Amino acid sequence: YRSRICVMNSRNSAHSFSTTKLLQDQKGMTLLEVLAVMVIIVIMVLAIYIGINYAEKQLLINYRDRVATLLVTGELEMEYYRHVHDKPFELQVNREYIIDDRDPKHILVGYMTIEQKTAQESSNEQLLNYIYLEATLRWIDPDTKKERFIRMREDYFI
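Terminal number for the sequence shown in this note's numbering: 149, no gaps in between.
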């Protein structure tokens, strides 16, 4: 940087440049610029904070949905095992299942109902009778206070 100043001095002798004059002409950031940068930084930090909170809540919802799905799938698999081994179905009405027990003070419980229903389906001009099991696990989400549920079914042709 000094060599540039020296070259300028040697080319244009009418204008004398000195290091102190250059430093005096330098102006720092104005208060308005500092405030604008601060506002931008605050907005970015808030956006990241909101994003992290949303992701954490969504992760918890997905975790509970996955646990409920596994519980319903497991019960339907057990009913299929009973069917294959010529045992009767064990239907349930509001049987209690634990969905989330990470916090011992606030254990989230759901209630599963498995119902047997009959239906018909046509295939190649034939009318086929079948039964199906419909399993539903319901619970109240602690954050939104709204009911959530997972429902699945398994068909058994007669």
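Heads up, the beta-carbon is just placed ideally off N, CA and C, and yes, glycines get one too.
Please read these numbers as outputs of a predicted model, since none were measured by experiment.
In this structure, DSSP gives Met20 a state outside helix and strand, which the three-state scheme calls coil. For Glu81, the three-state secondary structure derived from DSSP is coil.
With respect to Tyr147, Tyr123 sits close: the two C-beta atoms are nearer than 8 Å. The continuous beta strand (DSSP E) containing Asn120 extends over residues Gln117 to Ile131.
When DSSP states are grouped into helix, strand and coil, Lys48 belongs to the helix group. The beta carbon of Ile98 sits closer than 8 Å to those of Ile89, Asp91 and Asp92, all from its chain and outside the five residues before and after it, given in chain order. With fewer than 16 other Cβ atoms inside 10 Å of its own Cβ, Leu50 counts as exposed. Per DSSP, reduced to three states, the secondary structure at Asp56 is helical.
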